[in-house]
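Peer 1:
Number of protein chains: 2
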Amino acid sequence: MAGEQEPMSAAEWKVMRIVWELQPCAARDVIAAAESQQGWAPSTVKTLLRRLVDKRQLKATRVGNSFLYRPARPVLKTLFRAADTLLDHTVEGTVGPLLMYMAQRGRLSTDELADLRAMFDELARQNEEQDS
Amino acid sequence: MAGEQEPMSAAEWKVMRIVWELQPCAARDVIAAAESQQGWAPSTVKTLLRRLVDKRQLKATRVGNSFLYRPARPVLKTLFRAADTLLDHTVEGTVGPLLMYMAQRGRLSTDELADLRAMFDELARQNEEQDS
DNA sequence: ATCGAATGTTTACAACTGTAAACACATGGG
DNA sequence: CCCATGTGTTTACAGTTGTAAACATTCGAT
């Protein structure tokens with residue numbers, strides 16, 4: 001089985017975000033973005049890239065003397081894993097408010113809102129069925 | 133300003149969850165719960181309690197020779213902070229699917245579903261207004 | 001008054017993180 | 001052909017985390 005998902009630190013997430021956006025990309029691109037976004041030194045970014053490859057969150061394919069980096073899996077898959085962790089932290093009765101909060105902060109598009117509304121209708125329907 | 137929210141590690145969250153449930157409580161209670169839930173040695177729990185007090189996530193008030201522990205702030209406040217972090221990790225277009233996922237895993241009550249649906253209606257309405 | 005149990009305090013120690021300099025190697029421009 | 005520059009590799013080092021034993025202190029039972 002190859003689905004192990006080694007957890008990432010805060011700094012590592014920031015690098016991953018950059019790679020998900022630019023993928024596939026060279027170290028240079030990540031270094032430039034990280035410099036502008038976080039003010040990190042090039043060495044710092046190199047270290048983080050290496051660690052992410054070690055953790056198998058990034059795939060690096062050699063191209064000449066350098067590498068091309070790309071995420072080992074889609075951003076959603078990784079976000080879902082992180083969401084699981086957040087859900088693990090909830091206690092009875094907090095999931096509703098939590099989702100309310102996130103939906104508000106989340107700046108959803110009209111389409112996304114429509115999808116979500118449809119899903120809630122469906123969930124409510126299922127719930128009723130169960131209840132009665 | 134007193135609202136600094138020092139971030140917690142995974143193990144610390146687990147202890148906090150216990151304290152939020154049992155609050156206010158003595159070390160003994162937390163140690164018992166953590167032993168049964170995580171199999172941790174009493175020393176481990178003592179260390180984590182101390183660190184959480186240092187980080188001011190827990191308030192400890194002396195009672196005789198021991199302490200009464202209670203969370204420094206409500207669970208929702210802390211969850212919202214964690215949600216902010218998760219949202220920071222999202223990239224364009226992932227928030228919708230992320231919320232879909234969480235809503236499905238979240239085992240929402242009928243009441244929570246109703247509240248959420250109402251909020252989505254409202255958000256959609258606001259969105260339409262803006263669009264046109 | 002005394003001792004064992006409970007509770008908190010100190011110490012431990014390896015792994016992981018944040019942050020980066022130093023070093024080695026290749027490669028393209030001159 | 002040689003060197004500056006761009007890449008990756010090695011080394012660094014303090015702080016945090018996971019995990020816990022050892023030690024000190026105190027309170028309740030005898």
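If you read the protein sequences in the order shown, they are chains A and B. Counting from 1, one number per residue, gives the positions in the first sequence under this note's numbering. Counting from 133, one number per residue, gives the positions in the second sequence under this note's numbering. Backbone N, C-alpha and C define an ideal beta-carbon position, used for all residues, glycine too.
1) Using a cut-off of 9 Å between C-beta atoms, extract the partners of Leu86(A) located in chain B.
2) Taking Gly121(A) as the query, report the chain B residues whose CB atoms sit under 8 Å from its CB, ordered along the chain.
3) For Asp247(B) and Ala27(A), what's the separation of their Cα atoms in angstroms?
4) Are at least three pairs of beta-carbons, each pair with one atom in the segment 144-162 of chain B and one in the segment 177-193 of chain B, less than 8 Å apart?
5) Could you pull out every residue in the same chain whose Cβ sits closer than 7 Å to the Cβ of Ser66(A), ignoring the five residues on either side in sequence?
6) Between Pro97(A) and chain B, is the shortest Cβ-Cβ distance under 8 Å, so that the two count as touching?
7) Using a Cβ-Cβ distance under 8 Å, would Gly196(B) count as near chain A?
8) Checking 8 Å against the spacing of the C-beta atoms, do Leu113(A) and Ala256(B) come in under that value?
9) Does Ala223(B) come within less than 8 Å of chain A when only Cβ atoms are used?
10) So, is Gly39(A) buried or exposed, given that buried needs 16 or more other C-beta atoms within 10 angstroms?
11) Contact check, Arg70(A) vs Gln23(A) under 8 Å by CB: the rounded distance?
12) What residues from chain B crowd round Ala124(A), counting only those whose CB sits closer than 8 Å?
13) With distances taken from CA atoms, which of Ala103(A), Gly93(A), Gln5(A), Met8(A) is nearest Leu240(B)?
14) Can you name, in chain order, every residue of its own chain whose Cβ lies under 6 Å from the Cβ of Ile163(B), other than the five neighbours on each side?
15) Any Cβ of chain B within less than 8 Å of the Cβ of Leu76(A)?
16) Answer yes or no: do Leu230(B) and Thr222(B) have a C-beta to C-beta separation smaller than 8 Å?
17) Taking a cut of 9 Å between CB atoms, which residues from the segment 146-166 of chain B lie near chain A?
18) Evaluate Gly238(B) with the Cβ neighbour count: other Cβ atoms within 10 Å of its Cβ, from every protein chain shown; 16 or more gives buried, anything less gives exposed.
19) Near Ala103(A), which residues of its chain fall below 8 Å by C-beta distance, leaving aside the five closest residues on each side in sequence?
20) Does Gly39(A) get closer than 8 Å to chain B when you measure Cβ to Cβ?
21) Beta-carbon of Arg237(B) versus every beta-carbon of chain A: anything under 8 Å?
22) Given this structure, state the Cα-to-Cα distance separating Arg51(A) from Gln5(A), to the nearest angstrom.
Peer 2: Working from what's here:
1) Leu211, Ala214, Ala215, Thr217, Leu218, Met234
2) The sequence given here has Asp at residue 121(A), not Gly. Within 8 Å Cβ-Cβ: Arg249.
3) 46 Å
4) yes
5) Ala26, Ala27
6) yes
7) no
8) yes
9) Here residue 223(B) is Val; the residue named in the question, Ala, does not match the sequence. Closer than 8 Å to some Cβ of chain A, the Cβ of Val223(B) qualifies, so yes.
10) exposed
11) 5 Å
12) Thr242, Leu245, Ala246, Arg249
13) Gly93(A)
14) Pro174, Val177
15) yes
16) yes
17) Lys146, Met148, Arg149, Trp152, Glu153
18) buried
19) Leu116
20) no
21) yes
22) 14 Å
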